[in-house]
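One structure is given here, and the rest of the page talks about it.
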Amino acid sequence: MAPAGTDADRLLKTLNPEDKISLGVRGQFAVVFRARESRVTATAQPASGSDGAGRRLRFFTFTTRNSPDQLVGMIQEGLRHTGVPEAAAALPALPPAVVHSAVSLD
4 MAPAGTDADR LLKTLNPEDK ISLGVRGQFA VVFRARESRV TATAQPASGS DGAGRRLRFF
64 TFTTRNSPDQ LVGMIQEGLR HTGVPEAAAA LPALPPAVVH SAVSLD
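In this text, residue positions in the sequence shown follow our numbering: the first is 4, and each later residue adds one.
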């Protein structure tokens, strides 16, 4: 959550701007999803923004004007119901944080 009148997505930074894909509308609230590419190409360069196995980390941000509490709950419930092995780790999601300045996602 960003201060009132601040677009939360503008406060979320990555080392490589191409590693952040913004979804949704502008707003004070943001939900961040982290994903890894499932395969590494021959030209991929494991550098900053990779996960140690050479797979590039990407971040998807969904910003909204309204609290995302219900959205986060629905995502967690869906993961649990579909039997995603990592769903248990996602259930105790980090608590919301108020962000007043730029934050690195890397």
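Beta carbons are placed, not taken as given, at the ideal position from N, Cα and C, and that holds for glycine.
Exercise. Can you pull the DSSP bridge partners for alanine 33?
Worked result: Thr66
Problem set entry | Identity of the residues DSSP links to glycine 86 by a beta bridge | DSSP output for glycine 86 lists no bridge partner at all.
Exercise. Are aspartate 10 and threonine 64 close, meaning C-beta to C-beta below 8 Å?
Worked result: no
Problem set entry | Residue span of the beta strand (DSSP E) that contains leucine 26, given as start and end | 23-27
Exercise. Under a CB-based cut-off of 8 Å, is threonine 64 close to chain B?
Worked result: The structure shown contains no chain B; it holds only a single protein chain.
Exercise. So what's proline 49 in DSSP terms, helix, strand or just coil?
Worked result: With a pLDDT of only 48 at proline 49, under the threshold of 50, the placement of this residue in the model should not be trusted; the figure read from the coordinates follows. Of the three classes helix, strand and coil, the one that applies to proline 49 here is coil, per DSSP.
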